[in-house]
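**Q**
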Amino acid sequence: MDELADGIFSGVRVLEFGLFVAGPYAGELLAHGGADVIKIEPTTGDATRWNSTIVHGEGRHYIIKARGKRGVPINLRHPDGLAIVHDLALNSDVIISNMRPGALKRLSLDYESLNAQNERIIVAEISAMGEDGPYGMHLGADFQAAAASGLAMSTANFDGDEPRILDAYLCDFHAGTLLSFGIAGALYRREFTGKGQHVRTSLYQAGLSLQTATANLFDAVDGWKREFADWMEQERPHPRLASQSRRDQTALIVGGFYETRDGHWITLGAGQLAFKRLLDVIGIEDPSAHDPDWEMPDDPRDHFTSLRQRIREIALRYDGEELRERMQAAGVPCALLSSLEEALLSEHARANDYVHSFDHPAVGPVLMPQAPVKFSRDRYRAAEQTPAFGEHLRDVMGELGYDDAAIEKLIESGAIAEELT
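So this is what it looks like as C-alpha cells:
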C-alpha cells in the first residue's frame, strides 16, 4: 500500500475560530487529512492553554485540539486585526466557527457577507442549541446540550437522586464529526457547482443524532408511552406493555454488565439468536429463548429479574477472560469492561493502528487515538505538533503580503501578537 505524500484534504485552506472542543475537533479532523488549518486565537492566548491540566506549561486540551494547525494570534476587536482576518477569510476555502450564533455576522464574517465577495467559500458553524426556536440564542456547552436533547437522561448514572453525566463530551465530539462530514460534502459539491455553502449543526442536534436508535416516536405503536407515566404512578403495568414488547427485545432486557469471579465486568448479548447462545453456554433453559410458543406475560418484570439474577450467579463462577472466551467461541457478542488507559495500551489498539505515539517538544512522549478513519490510497494520519503561541504569525502574514516592518507595526498597535505578555 502506497501512501501519498499529501493527505485527502491537501490544498484546502481552513480558517478556524474554534472554542474549546467541538469547533477545534472539526478542524483537527481536517488537519489530520492534510488541510492547512489556520487557528485564530486571541492575543491573550487560547482559553484551552490555561483551563485544563497543565503539562510543562501547555494545556492538555490545547495540545490535543491544536494538532497539525498553524496558530495566529489576532485581536478581533482591533480594526486592523479584523481587516487581516477578512483577508484571510476571503483567501480560504472553509471557515469553521463554534462561536455564539450571530458572532460571525457582527464581524462581517458570516456566510452571506463572505459569499458576496467569494462564492466558493464554505462557512461551517456549530451552535449550542441551534439558531432558531426558544433556545436559539442560548449559550451552552456539552452538558447543557446533553441535558436538553435527552442524551443525559439516556446515559446518566444516578448517584442517589442526582444524575451523573458521562464525562466524555459526546455532544461536542459528535458535533465536530458531523461538521467535518458536512464540510467534506460541501467541498465535493463545490467541484460540480463552483459554489460554496453554509453548513450548520449544533450540540443539541448531535445529542439527538446519537439517540437515533431510540429517538423516534410512531403514534401507531408508541402512543401508549404518553400514558405510561400515569400507569406507573398507579404501580401497575400498562395493559399494552407486553403486546408492544417483541420477542427479540428480551435479549436487551437481560443484556448489560455482569461481574465475574476475578472482579472483572463483562457485557453480554445482542439479538435473539445471541441471547439463546448465551443461555446455552452457561446452561440455563428458559422459555423466553427456547420455547417458540412462549408468550410474554402482561408484566414480564418478575420473569426477567429472576433470569438476570441466575445469569449473575453463574457469571461469578468464571474468571472474566475465561467467560469471554467461552462466549466468543459460541458466537455471543461480549467484551470485558476496560479503563481508558487499558484500551489505549492494549495489544488490540496497537495491532489495528488505533493509537499514535509521538514526542511533543514541550511535554515529551504523548499517546493518543489515531485519526479515526483509514484510506487505502491517501494519507490520513494523526497530526502531531501543536503551534507555540505566535509560531506561525510571520509565515501567514507573509503569505498575505505583509513585510517585517508592517508586521512589527501591527504588533505594536495591538492588532496581532507574537508573544504572550
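When the sequence shown is numbered by this note's numbering, its final residue is 621 and no position is left out of the sequence of numbers.
Ideal Cβ positions, reconstructed from N, Cα and C, are used throughout, including at glycine.
If you're wondering where the values come from, they're calculated on a predicted model, not measured in any experiment.
List the whole-angstrom C-beta distance separating F373 from V237, where the pair is believed to meet the contact cut-off of C-beta under 8 Å.
**A** Contact doesn't hold; Cβ gap of about 17 Å is too wide.
**Q** Can you tell me which residues form a DSSP beta bridge with E216?
**A** K239 and I296
**Q** Does the distance from the C-beta atom of A346 to that of G407 stay below 8 Å?
**A** yes
**Q** Does the distance from the CB of K239 to the CB of R270 come in under 8 Å?
**A** yes
**Q** Do I322 and L387 have their C-beta atoms within less than 8 Å of each other?
**A** yes
**Q** What are the boundary residues of the alpha helix (DSSP H) that D287 is part of?
**A** P279 to L290
**Q** Tell me which same chain residues have a C-beta within less than 6 Å of the C-beta of L536, skipping the five on either side of it?
**A** Counting only Cβ-Cβ distances below 6 Å, and skipping sequence neighbours, we find H464, I466, G520 and R524.
**Q** Flag this pair as yes or no: are the beta carbons of G218 and G227 separated by less than 8 Å?
**A** yes
**Q** Roughly how far, in whole angstroms, is the beta-carbon of R461 from the beta-carbon of L516, given that I think they are within contact range, below 8 Å?
**A** 6 Å
**Q** Tell me which residue opens and which closes the beta strand (DSSP E) that S402 is part of.
**A** Unbroken beta strand (DSSP E) run through S402: H398 to S402.
**Q** With a threshold of 7 Å on Cβ separation, who are the neighbours of L276 within its own chain once the five nearest residues in sequence on each side are excluded?
**A** L282, V285 and L307
**Q** Give the secondary structure of T621 by DSSP, where H, G and I count as helix, E and B as strand, and everything else as coil.
**A** coil
**Q** My guess is that D280 and L610 are in contact by the Cβ rule of under 8 Å, so how many angstroms apart are they, rounded?
**A** The Cβ separation is near 6 Å, so the contact holds.
**Q** Pull the bridge partners of G557 from the DSSP assignment, please.
**A** In the sequence as presented, Gly is not what sits at residue 557; that position holds Ser. In DSSP, S557 forms a bridge with L567.
**Q** Quick one: residues in its chain with C-beta nearer than 7 Å to the C-beta of D559, no 5 flanking neighbours on either side, listed in chain order?
**A** P565
**Q** Please tell me whether E258 and A582 are closer than 8 Å, where the distance is taken between their beta carbons.
**A** Remark: C-beta atoms of E258 and A582 do not approach each other more closely than 8 Å.
**Q** Do G382 and T412 have their beta-carbon atoms positioned less than 8 Å apart in this structure?
**A** no
**Q** What does DSSP give as the partner residue(s) for T467 in the beta ladder?
**A** Beta-bridge pairing links T467 to F457 and A535.
**Q** Is it buried or exposed for E608, if we count other Cβ within 10 angstroms and need 16 for buried?
**A** exposed
**Q** In terms of residue numbering, what span does the beta strand (DSSP E) encompassing R579 cover?
**A** Run containing R579: none; DSSP gives neither H nor E here.
**Q** What number of angstroms, rounded off, separates the C-alpha of T586 from the C-alpha of E547?
**A** 28 Å
**Q** Quick one: give me the first and last residue of the alpha helix (DSSP H) that S380 is part of.
**A** L370 to T393
**Q** Buried or exposed: where does N298 fall if 16 or more other Cβ atoms within 10 Å of its Cβ makes it buried?
**A** For N298, the number of other beta carbons within 10 angstroms of its own is at least 16, and it is reported as buried.
**Q** Measuring only the C-alpha atoms, how far is T505 from P487?
**A** Cα to Cα, T505 sits roughly 14 Å from P487.
**Q** Using the Cβ count rule (16 or more neighbours within 10 Å means buried), how would you classify G268?
**A** Classification of G268: buried, given that the 10 Å Cβ count is 16 or more.
**Q** Using alpha carbons as the reference points, say which of Q397, A266 and I274 lies closest to A316.
**A** Q397
**Q** Taking the straight line between their C-alpha atoms, what separation do you get for Y225 and G531?
**A** 37 Å
**Q** Give me the Cα-Cα distance between R446 and L479, rounded to the nearest whole angstrom.
**A** A caution first: R446 carries a pLDDT of 41, below 50, which makes its placement in the model too unreliable to give a value.
**Q** Given a cut-off of 8 Å, decide if R249 and R197 are closer than it, judged by their beta-carbon atoms.
**A** Because the chain in this structure spans residues 201 to 621, residue 197 falls outside the shown range and cannot be described.
**Q** When DSSP labels each residue in this structure, what does G259 get in the three-state scheme?
**A** Here G259 sits in strand by DSSP.
**Q** Here's the rule I'm using: 16 or more other beta-carbon atoms within 10 Å means buried, otherwise exposed. How should K305 be labelled?
**A** exposed
**Q** Looking at the secondary structure, which residues open and close the alpha helix (DSSP H) in which S313 lies?
**A** Y311 to N315
**Q** What is the DSSP secondary structure of V596, counted as helix, strand or coil?
**A** helix
**Q** Measure the C-alpha to C-alpha separation of E619 and G207 and round it to an integer number of angstroms.
**A** 31 Å
**Q** With DSSP as the reference, label A549 as helix, strand or coil.
**A** helix
**Q** Which value, in whole angstroms, describes the spacing of the CA atoms of A235 and G469?
**A** Approximately 41 Å between the Cα atoms of the pair.
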